[in-house]
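Take a look at the structure below.
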Amino acid sequence: MARKPLLEVHAVSKRYETQLVLERVSFAIARGEIVSLVGPSGCGKSTLLRVLAGLDRDFEGDLLLDGVAQRGPSARLGVIFQEPRLLPWLSVADNIAFAAGPRQGRDPRVTHLLAEVGLAGAGATLPRQLSGGMAQRVALARGLFPQPDLLLLDEPFSAVDAMTRRRLQDLLLSLTRAHGTAALIVTHDLDEALYLSDRVLLLNPSAQHGAGQLVRDIVVTAPHPRERSARHDNALAAARDELLERIGATSNAAD
């Protein structure tokens, strides 16, 4: 039985002046589902994420959250960027609780979230004292603080080293399961997408306008825990090959 959609995206198009950058993108995300959005650079992945987050309201189409139309930011949607974007003058705890107002780091939820992301006792620390991986853990905790139904993540692990990236991937899986939170992850890493996701969406530029179009929605049926490289799992390898072939076809057409 199919899960009821949490987020529904209906025919979303986006222009910058006369340039069409997204063309009639439609998909849905169920409650608790992890979906990755992949595609070549410049196809509109981050633009689409900004539209979904309510940070860009100038678009055509409809967004529904539990059936209710959305046109702006919502506390039910958490956003995590490529850089942690922590406020340097606030402690870790105050950064995490920022959605509740300035200097609300004593909220009991902060202590719990710090423990969940492996930073118990670090609430009084300032951002400049953190490593890149630690800062991104704080960003994950901040994204979860308002108890969102859906996390929107824009290449959240691309700025850290490979080992830290692996740890953060596993942390994201454990956090979304523990909180029952759905996630939409923009990534260029196909192995990361197939390791984390229930589904992978491929956005490609159209031949006519170069605008991003949703051309493939791949269901990943492999159970967790999964191989980190799709090459070691036949089903994941087939999905990876299909994604590479479609991305490659787009690149060749552009050349």
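Using this note's numbering, you'd call the opening residue of the sequence shown number 208 and step up by one each time.
Just so you know, even glycine gets a beta-carbon here, dropped at the ideal spot from N, CA and C.
Discussion item. Please list the terminal residues of the continuous alpha helix (DSSP H) segment that includes residue 258.
Written reply: First-last of the alpha helix (DSSP H) with residue 258: 252 to 260.
Worksheet entry | Bridge partner(s) assigned by DSSP for residue 223 | Looking at the DSSP assignment, residue 223 forms a beta bridge with 226.
Item to complete: Taking only the alpha-carbon atoms, compute the straight-line gap between residue 427 and residue 400 and give it to the nearest angstrom.
Response: The alpha-carbon of residue 427 is positioned some 10 angstroms away from that of residue 400.
Worksheet entry | Cut-off 6 angstroms between Cβ atoms - residues of its own chain near residue 267, not counting five sequence neighbours on either side | Within the same chain, residue 267 has close Cβ partners 220.
Practice prompt. Using beta-carbon positions only, say whether residue 213 and residue 389 come within less than 8 angstroms of one another.
Written response: Yes.
Discussion item. Going by C-alpha to C-alpha distance, which of 287, 274, 445 and 331 sits closest to residue 301?
Written reply: Of 287, 274, 445 and 331, the residue nearest in Cα terms is 331.
Worksheet item: So, using beta-carbon positions, are residue 342 and residue 291 closer together than 8 angstroms?
Response: Against a cut-off of 8 angstroms, the Cβ pair of residue 291 and residue 342 comes out as a contact.
Worksheet entry | Distance between residue 376 and residue 340 (C-alpha atoms, nearest Å) | Our two residues, residue 340 and residue 376, have alpha carbons roughly 11 angstroms apart in a direct line.
Worksheet item: Around the Cβ of residue 446, are there at least 16 other Cβ atoms within 10 angstroms (buried) or fewer (exposed)?
Response: Flag for residue 446 reads buried.
Item to complete: Note down, one range per segment and in chain order, each alpha helix (DSSP H) of at least 4 residues found wholly within the segment 364 to 443.
Response: Complete alpha helix (DSSP H) runs here, min 4: 369 to 386 and 397 to 403.
Worksheet item: Taking the alpha-carbon positions, what's the residue 439 to residue 395 distance?
Response: If you take the alpha carbons of residue 439 and residue 395, they lie about 20 angstroms apart.
Worksheet item: Do the CB positions of residue 242 and residue 408 come within less than 8 angstroms of each other?
Response: Yes.
Fill in: For residue 235, the three-state DSSP class (helix, strand or coil)
Strand, per DSSP.
Fill in: Alpha-carbon spacing of residue 345 relative to residue 329, whole angstroms
The alpha-carbon separation between residue 345 and residue 329 amounts to approximately 10 angstroms.
Worksheet item: Would DSSP call residue 320 helix, strand or coil?
Response: Here residue 320 sits in helix by DSSP.
Practice prompt. With DSSP as the reference, label residue 328 as helix, strand or coil.
Written response: Residue 328 sits in coil when the DSSP states are folded into three classes, being neither helix nor strand.
Fill in: Candidates 320, 442, 429 and 419, of which the one nearest residue 253 by Cα
For residue 253, the closest of 320, 442, 429 and 419 by C-alpha to C-alpha distance is 419.
Worksheet item: First and last residue of the beta strand (DSSP E) that includes residue 361?
Response: From DSSP, the beta strand (DSSP E) with residue 361 extends over 357 to 361.
Worksheet item: Since residue 393 contacts residue 244 with CB under 8 angstroms, what's their CB separation in whole angstroms?
Response: The Cβ separation is near 5 angstroms, so the contact holds.
Item to complete: Could you pull the start and end residues of the alpha helix (DSSP H) that residue 340 belongs to?
Response: Looking at the DSSP string, the run of the alpha helix (DSSP H) that includes residue 340 is 339 to 351.
Worksheet item: Can you find at least 3 beta carbon pairs, one from the segment 347 to 355 and one from the segment 277 to 287, that sit closer than 8 angstroms?
Response: The segment 277 to 287 and the segment 347 to 355 touch, with three or more beta-carbon pairs separated by less than 8 angstroms.
Worksheet item: Is residue 446 helix, strand or coil when you go by DSSP?
Response: Note: residue 446 maps to helix in three-state DSSP.
Practice prompt. Pick out whichever of 303, 222 and 363 has its Cα sitting closest to the Cα of residue 334.
Written response: Here the closest residue by C-alpha is 303.
Worksheet item: Which residues share a DSSP beta bridge with residue 269?
Response: 217, per the DSSP bridge assignment.
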